[in-house]
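Enquirer: In my numbering, the protein residues as written are 445 to 952.
Can you read through this structure? Questions will come right after.
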């Protein structure tokens, strides 16, 4: 046992002594290693969508992200680029500063713009998981595939008759990421289209004699050239090799024209701008490094996320960039009457309550911030979601809920449904931690409620006031039928709200 402990200490000492310049990603990693100079050639000039991680080797959050980022790189291979740049390297500091990096890790999605070499750079704000990253990047892949049917086929074939064309006949209506990537490979040399197997495309299928799906057909071009059917597996590498008999895929990145810049005032301005960006970045980086050193490691609040889209340094900047608004705070229920009207009524649906004690701590602030971000995200994507509220100890209903549900004195986040008489608590340890109330943890919990998963507890009697029956028994049967219809409509709406599967997002 003594020898084992000594060996462990020795190994830890050796690892600690390794130079941080080694970075997080080795030579065998599928994550592309960038620096301030290679970014333009490998990312900005590329026809592919990329995601770039700006990191520092000493950053705890960066190390935690590494496995998920490696997995995302493997899943996106051949579809998009996954890259990383060590901002702790002296030569990279000016570039990281110009990209607006103020904390680690910062993730940015870079997608091709209208002008080659001037991509659009957006912050990645989704879950720090492999699935979340992959879904977000795939969503940003340009779609150069033409959707064709019987009505539009002839016109599409007439376009650039001498140029080769490729058609994928498929049962699926949505264009896959793989086909999008193939179209990017042959951008400008082979026109790629997709025809779906439906009644509307019967003439197209008969014209080319297509009977099985999926089928890839190559039309080499020229008046007498016959179509060639691909017989291999539907894998990108094999399909690209098949298409090379008609045209070679584009180099990536495409060769760019070299522009010689003469010394001018603009050059001096750029130099001063880069120098200023480097100074600001170094100060921000030192601040985070110092904070991690004092606390012995990162906490859930250490990570800095840049909310606004950042321009890529010239000459790769896309002038138009998306505007990302900060998440507004969730509303506060000030009175018990408001609480009953929104969450504790006999007809109220599901709502999320953050019960905040009179002397809130860091965990409470993190919980409210996470809820605000989730609510804002769903509103931006126009997704229906039950309301979120803050319930402070100043509200007399606060103690009523705490006592009825036997909740502790700490911050608590619960879901409650007055009409159906159930409640559910956000899972946590004996003492609620920052990790328990992180955005990812709360969003995963909210998703289980939306999908109707997990156990729910029955609300105790007396917490929800009973609905008074209206004395209208002597009236005709018509009002009773109308009331029943209204109740049925309400029930259907609530079911839809609670069981609707969340659309794929910027999370996981």
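Beta carbons are placed, not taken as given, at the ideal position from N, Cα and C, and that holds for glycine.
For the 8 Å Cβ check, are there 3 or more pairs between the region 572 to 588 and the region 598 to 617?
Expert: no
Enquirer: Could you tell me the alpha carbon to alpha carbon distance between residue 791 and residue 853, rounded to whole angstroms?
Expert: Counting from one through the chain shown, the residue named residue 791 turns up at place 347. Counting from one through the chain shown, the residue named residue 853 turns up at place 409. So the two alpha carbons sit approximately 29 Å from each other.
Enquirer: Would you call the region 827 to 841 and the region 777 to 784 touching, i.e. three or more CB-CB distances under 8 Å?
Expert: With the cut-off at 8 Å, the region 827 to 841 and the region 777 to 784 touch.
Enquirer: Taking just the CA atoms, how far does residue 829 sit from residue 819?
Expert: Taking the chain shown and counting its residues from 1, the one referred to as residue 819 is at position 375. Taking the chain shown and counting its residues from 1, the one referred to as residue 829 is at position 385. Residue 819 and residue 829: Cα-Cα distance of roughly 8 Å.
Enquirer: Return helix, strand or coil for residue 649, following the three-state DSSP convention.
Expert: Counting from one through the chain shown, the residue named residue 649 turns up at place 205. Here residue 649 sits in helix by DSSP.
Enquirer: How about the region 654 to 666 and the region 600 to 618: do they share at least three Cβ pairs that are nearer than 8 Å?
Expert: yes
Enquirer: Alpha carbon to alpha carbon, what distance is there between residue 520 and residue 491?
Expert: By 1-based counting over the chain shown, the position of residue 491 is 47. By 1-based counting over the chain shown, the position of residue 520 is 76. Near 15 Å, if we compare the C-alpha coordinates of residue 520 and residue 491.
Enquirer: My assumption, with CB atoms under 8 Å, is that residue 529 sits in contact with residue 586. Please give the rounded CB distance.
Expert: On the chain shown, residue 529 is found 85 positions in, with the first residue counted as 1. On the chain shown, residue 586 is found 142 positions in, with the first residue counted as 1. Wrong, their Cβ atoms sit about 23 Å apart, outside the cutoff.
Enquirer: Keeping to the same chain, check which residues put their C-beta closer than 6 Å to that of residue 900; ignore five residues upstream and five downstream.
Expert: Here residue 900 is taken as the residue at index 456 of the chain shown, counted from 1. Cβ within range, chain order: 866, 868.
Enquirer: Run the CB neighbour count on residue 549, radius 10 Å, all protein chains shown included, and call it buried at 16 or more, exposed below.
Expert: Here residue 549 is taken as the residue at index 105 of the chain shown, counted from 1. It is buried - the Cβ of residue 549 has at least 16 other Cβ atoms within 10 Å.
Enquirer: Within the continuous alpha helix (DSSP H) that includes residue 819, where are the two ends?
Expert: Start at 1 with the first residue of the chain shown, and residue 819 comes out as number 375. Run containing residue 819: 806 to 824, per the alpha helix (DSSP H) assignment.
Enquirer: Distance check for residue 482 and residue 541, CA to CA, integer angstroms please.
Expert: Counting from one through the chain shown, the residue named residue 541 turns up at place 97. Counting from one through the chain shown, the residue named residue 482 turns up at place 38. The alpha-carbon atoms of residue 541 and residue 482 are separated by roughly 16 Å.
Enquirer: Can you name, in chain order, every residue of its own chain whose Cβ lies under 6 Å from the Cβ of residue 784, other than the five neighbours on each side?
Expert: The count along the chain shown starts at 1 and reaches residue 784 at position 340. Counting only Cβ-Cβ distances below 6 Å, and skipping sequence neighbours, we find nothing.
Enquirer: Identify the continuous beta strand (DSSP E) that holds residue 630 and give its terminal residues.
Expert: Numbered from its first residue, the chain shown carries residue 630 at position 186. Looking at the DSSP string, residue 630 is not in any beta strand (DSSP E), and its letter there is neither H nor E.
Enquirer: Whole angstroms is fine: what's the gap from residue 885's alpha carbon to residue 797's?
Expert: On the chain shown, residue 885 is found 441 positions in, with the first residue counted as 1. On the chain shown, residue 797 is found 353 positions in, with the first residue counted as 1. Taking the straight line from one Cα to the other gives about 16 Å.
Enquirer: Around the C-beta of residue 856, are 16 or more other C-beta atoms found within 10 angstroms, so that it is buried, or is it exposed?
Expert: Start at 1 with the first residue of the chain shown, and residue 856 comes out as number 412. Buried: at least 16 other Cβ atoms inside 10 Å.
Enquirer: Residues bridged to residue 856 by DSSP?
Expert: Translated into the one-based positions of the chain shown, residue 856 becomes position 412. According to DSSP, which records beta bridges pairwise, residue 856 is partnered with 799.
Enquirer: Use the C-beta contact count for residue 591: other C-beta atoms within 10 angstroms, 16 or more gives buried, fewer gives exposed.
Expert: For the purposes of this step, residue 591 is identified with residue 147 of the chain shown, where counting begins at 1. It is exposed - the Cβ of residue 591 has fewer than 16 other Cβ atoms within 10 Å.
Enquirer: Helix, strand or coil for residue 508 per DSSP?
Expert: Stepping through the chain shown from its first residue, residue 508 is reached at position 64. Note: residue 508 maps to helix in three-state DSSP.
Enquirer: In the DSSP assignment, find the beta strand (DSSP E) that holds residue 662 and state where it starts and stops.
Expert: Looking up residue 662 in the chain shown gives position 218. Element bounds for residue 662: 659 to 663.
Enquirer: Where do the ends of the beta strand (DSSP E) carrying residue 550 lie?
Expert: Here residue 550 is taken as the residue at index 106 of the chain shown, counted from 1. 550 to 555 is the span of the beta strand (DSSP E), which, as asked, contains residue 550.
Enquirer: In terms of residues, what are the limits of the alpha helix (DSSP H) holding residue 890?
Expert: Start at 1 with the first residue of the chain shown, and residue 890 comes out as number 446. Looking at the DSSP string, the run of the alpha helix (DSSP H) that includes residue 890 is 883 to 894.
Enquirer: Under a three-way DSSP split, which group does residue 782 fall into?
Expert: Locating residue 782 in the chain shown gives position 338, where the first residue counts as 1. Helix at residue 782.
Enquirer: Looking only at C-alpha atoms, which of 572, 880, 504 sits nearest to residue 808?
Expert: Counted from its first residue, the chain shown places residue 808 at position 364. Looking at the Cα atoms, 880 is the closest of the given residues.
Enquirer: Residue 588 and residue 624 - do their beta-carbons sit closer together than 9 Å?
Expert: For this step, residue 624 is matched to residue 180 along the chain shown. For this step, residue 588 is matched to residue 144 along the chain shown. Contact: yes.
Enquirer: With a Cβ-Cβ cutoff of 9 Å, do residue 563 and residue 571 count as a contact?
Expert: On the chain shown, position 119 is the one that residue 563 refers to. On the chain shown, position 127 is the one that residue 571 refers to. Between residue 563 and residue 571, the C-beta spacing is not below 9 Å.
Enquirer: Tell me which same chain residues have a C-beta within less than 8 Å of the C-beta of residue 635, skipping the five on either side of it?
Expert: Along the chain shown, one-based indexing puts residue 635 at 191. The residues are 590, 600, 603, 604, 607, 608, 609, 610.
Enquirer: Taking the continuous alpha helix (DSSP H) assigned at residue 489, which residues delimit it?
Expert: Here the question's residue 489 lines up with position 45 in the chain shown. No alpha helix (DSSP H) holds residue 489; DSSP gives it neither H nor E.
Enquirer: Within a Cβ cutoff of 6 Å, which residues of the same chain sit near residue 509, ignoring the five residues on either side of it in sequence?
Expert: Taking the chain shown and counting its residues from 1, the one referred to as residue 509 is at position 65. The residues are 549, 572.
Enquirer: On the three-state DSSP scale, how would you describe residue 475?
Expert: Taking the first residue of the chain shown as 1, we reach residue 475 at position 31. Three-state result, residue 475: coil.
Enquirer: Just the C-alpha distance for residue 644 and residue 637, rounded to the nearest angstrom, thanks.
Expert: On the chain shown, position 200 is the one that residue 644 refers to. On the chain shown, position 193 is the one that residue 637 refers to. Between the C-alpha atoms of residue 644 and residue 637 there is a straight-line separation of about 16 Å.
Enquirer: Is residue 689 helix, strand or coil when you go by DSSP?
Expert: Numbered from its first residue, the chain shown carries residue 689 at position 245. Correct three-state label for residue 689: coil.
Enquirer: Once DSSP output is grouped into helix, strand and coil, what is the label at residue 848?
Expert: On the chain shown, position 404 is the one that residue 848 refers to. Note: residue 848 maps to helix in three-state DSSP.
Enquirer: Going by C-alpha distance, which of 840, 684, 552, 551 is nearest residue 523?
Expert: In the chain shown, the residue the question calls residue 523 occupies position 79. Considering only alpha carbons, the answer is 684.
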